[in-house]
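Residue numbers (this note's numbering): 5 to 161.
Yeah, the Cβ is synthetic: ideal placement off N, Cα and C, and Gly gets one too.
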């Protein structure tokens with residue numbers, strides 16, 4: 005039952021993200037999403053606010069990701085320059101082939117499996133790390149002495 009709710013939430017969140025990327029405002033989609041996914045108004049509002057927060061977080065992080073990618077490119081260019089310099093020296097055929105393999109094969113592997121650095125990949129990874137799903141069902145809860153309300157995880161102290 006919890007898996008079904010998580011699946012529904014995930015589908016609704018992805019559909020809302022796609023609609024927002026098309027330029028539609030979440031408030032214009034509220035009644036449609038409530039009917040389509042069987043959400044309450046509070047659930048839709050929570051979904052929209054959570055999604056806006058994820059998008060803002062990724063936009064904030066984007067500059068750091070670009071800087072990291074530039075640093076990796078600069079390092080790769082230095083390694084290639086060093087290997088080109090080593091290949092320019094007169095060496096025997098076996099050593100030359102080893103250096104060529106050292107230079108060419110890693111770049112071919114990188115082309116075959118590029119590192120995720122696009123916005124869509126970042127959004128997908130943010131969905132996977134969502135704080136909503138971080139608490140497990142086995143986390144013990146404290147209860148209020150008079151009301152019996154859940155107050156959060158039991159502290160270890």
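task = Quick one: grab the DSSP three-state call for residue 93.
result = coil
ask   = Over what stretch of residues does the alpha helix (DSSP H) that includes residue 14 continue unbroken?
value = Per DSSP, the continuous alpha helix (DSSP H) segment holding residue 14 begins and ends at 6 to 25.
task = Return yes when the Cβ of residue 48 is within less than 8 Å of the Cβ of residue 34, no when it is not.
result = yes
request  = State the Cα-Cα distance for the pair residue 29 and residue 63, rounded to the nearest angstrom.
outcome  = 18 Å
message = What would DSSP say about residue 57, mapped onto helix, strand or coil?
response = helix
ask   = Between residue 88 and residue 56, what straight-line distance do the alpha-carbon atoms span, to the nearest angstrom?
value = 47 Å
key: Helix, strand or coil at residue 80 according to DSSP, with G and I counted as helix   = DSSP, reduced to helix, strand and coil, places residue 80 within a helical segment of the structure shown.
query = How many Å lie between residue 52 and residue 44 at the Cα?
reply = 12 Å
ask   = Exposed or buried, residue 99, counting other C-beta atoms within 10 Å across all chains shown (16 or more means buried)?
value = When all chains shown are included, residue 99 counts as exposed.
task = Measure the C-alpha to C-alpha separation of residue 104 and residue 91 and round it to an integer number of angstroms.
result = 8 Å
task = With a threshold of 16 other CB atoms inside 10 Å of the CB of residue 17, please say whether the residue is buried or exposed.
result = buried
query = Taking Cβ to Cβ, would you say residue 84 is nearer than 8 Å to residue 102?
reply = no
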